[in-house]
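Numbering (our numbering), first residue to last: 115 to 480.
#1: For the putative contact between residue 56 and residue 423, defined by C-beta atoms under 8 angstroms, what is the C-beta separation to the nearest angstrom?
#2: With a cut-off of 8 angstroms on the beta carbons, I'd call residue 235 and residue 317 a contact; round off their distance for me.
#3: Taking residue 408 as part of the beta strand (DSSP E), name the residues at either end of that continuous run.
#4: Is it buried or exposed, residue 444, if we count other Cβ atoms within 10 angstroms and call 16 or more buried?
#5: Would you mind giving the Cβ-Cβ distance between residue 260 and residue 267, rounded to the nearest angstrom? I have them listed as a contact below 8 angstroms.
#6: Kindly list the residues whose CB is nearer than 7 angstroms to the CB of residue 194, restricted to its own chain and excluding five residues on each side of it in sequence; keep chain order.
#7: If you scan the region 158-195 from start to end, which runs of the alpha helix (DSSP H) of 4 or more residues do you find wholly inside it?
#8: Are the CB atoms of residue 438 and residue 402 within a distance shorter than 8 angstroms?
#9: Counting C-beta neighbours from all protein chains within 10 Å, is the total for residue 281 16 or more, i.e. buried, or is it exposed?
#10: Classify residue 277 as buried or exposed, calling it buried when 16 or more other Cβ atoms lie within 10 Å of its own Cβ.
#11: Is it buried or exposed, residue 144, if we count other Cβ atoms within 10 angstroms and call 16 or more buried?
#12: So who's on the other strand from residue 383, going by DSSP bridges?
#13: Would you give the residue range spanned by the alpha helix (DSSP H) that residue 477 belongs to?
#14: Going by other Cβ atoms of all chains shown within 10 Å of its Cβ, with 16 needed for buried, is residue 294 buried or exposed?
#15: Indicate whether the contact test is met: 3 or more Cβ pairs, each with one atom in the region 235-247 and one in the region 370-385, closer than 8 angstroms.
#16: In whole angstroms, what separates the C-alpha of residue 406 from that of residue 300?
#17: Could you pull the start and end residues of the beta strand (DSSP E) that residue 285 belongs to?
#18: Can you tell me the Cα-Cα spacing of residue 478 and residue 226, whole angstroms?
#19: Relative to the alpha-carbon of residue 183, which residue among 254, 220 and 291 has its alpha-carbon at the smallest distance?
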């Protein structure tokens, strides 16, 4: 049984029993499906044409990359490159979509990296960034890679596992892209409509009207935000109350994640600091500088300037994982625009096309 169906039952039990919010962080601990170990021997990989030569929607750079586009591309990639990638369904969402984790490498390996996009609904252009990064890695492992800092990319990726989650808030993305027409469930549609909001394009939350990047246990108690369900800034009933955030919590707690990147829009900068100390602070600085050098995005360490209770804050502060938030979308210096227009994409991709390799390089050699 998938995580959201079990979580709904668990939440009811927790409410009846008066379960403390601090216990909710592990809500998914026994419900997420285990991932299968992959044999990633490069010598045994069947050579296929580059992903750019395949009939994938991501190659068309659509104005809006939808959840249905993502599902189609994942299905095609699995058929074409099933020896390289493994697909895991992390959870069911309230409006009956899946959060997909596309994995390259040994799922039980020691060096694991997590990269995710579209946690905030209107920031869905980041799904395309993550999908392009995935395709680039597939090509590298299929014999089409170049070098990074003098190291062949297929060699650089050896012994590393990468989790790509292109759309971590698929319900919210559907709302931002299509408004109420994007909602499948009549009950969910009614609940959202009853809020009275009409500017659905600016939606940030999930279908349960919780801002997922305010649903993690780092400054959650102190954060106020919206006091009720909302299109943004409502932190939820407790940390990890939502299927999508609970799935990320479980994945992070139960895989050997050594670096994480969350893609957001839009500011052309990198957030990297949240109260971490000692070795974690030093590793975080090294990681952030490497990605800043690669992307030419400036670094920002003032965590008080942005809302708390985000994934990055929790990952560095509670889990000790060097983690960054990359804000893309301001490459043309025309101010903050959300959703980011698709004509920004080429500039965004140019800056971010080597971020995965820079992350691996930092993890293995710096």
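Glycine included, every Cβ here is placed at the ideal spot set by N, Cα and C.
On the basis of the data shown:
#1: For residue 56 there is no data in the structure shown, the boundaries of the chain being 115 and 480.
#2: Taking C-beta atoms under 8 angstroms as the contact rule, residue 235 and residue 317 qualify, at a distance of about 5 angstroms.
#3: Here residue 408 belongs to no beta strand (DSSP E); instead the alpha helix (DSSP H) covers 392-409.
#4: Here residue 444 is buried, its C-beta having at least 16 other C-beta atoms within 10 Å.
#5: About 6 angstroms separates the two Cβ atoms, so the contact holds.
#6: 162 and 168.
#7: If we require 4 residues or more, the alpha helix (DSSP H) runs fully inside the region 158-195 come out as 181-195.
#8: Yes; because the gap between Cβ atoms is below 8 angstroms, this pair is in contact.
#9: Buried, because 16 or more other Cβ atoms sit within 10 Å of the Cβ of residue 281.
#10: A buried status is given to residue 277, since no fewer than 16 other beta-carbon atoms sit within 10 Å of its beta-carbon.
#11: Residue confidence is low: residue 144 scores 38 on pLDDT, short of 50, so the model does not pin down where it sits. Its coordinate-derived value is still stated next. Residue 144 should be labelled exposed.
#12: DSSP output for residue 383 lists 412 and 441 as bridge partner(s).
#13: Annotation for residue 477: the continuous alpha helix (DSSP H) segment containing it runs 469-479.
#14: It is exposed - the Cβ of residue 294 has fewer than 16 other Cβ atoms within 10 Å.
#15: With contact defined as three or more Cβ pairs closer than 8 angstroms, the region 235-247 and the region 370-385 are in contact.
#16: Cα-Cα distance, rounded: 44 angstroms.
#17: Boundaries for residue 285: no beta strand (DSSP E) harbours it, while the alpha helix (DSSP H) harbouring it runs 284-292, taken from the DSSP string.
#18: Going from the Cα of residue 478 to the Cα of residue 226 covers about 11 angstroms.
#19: Nearest in C-alpha terms to residue 183, of all of 254, 220 and 291, is 291.
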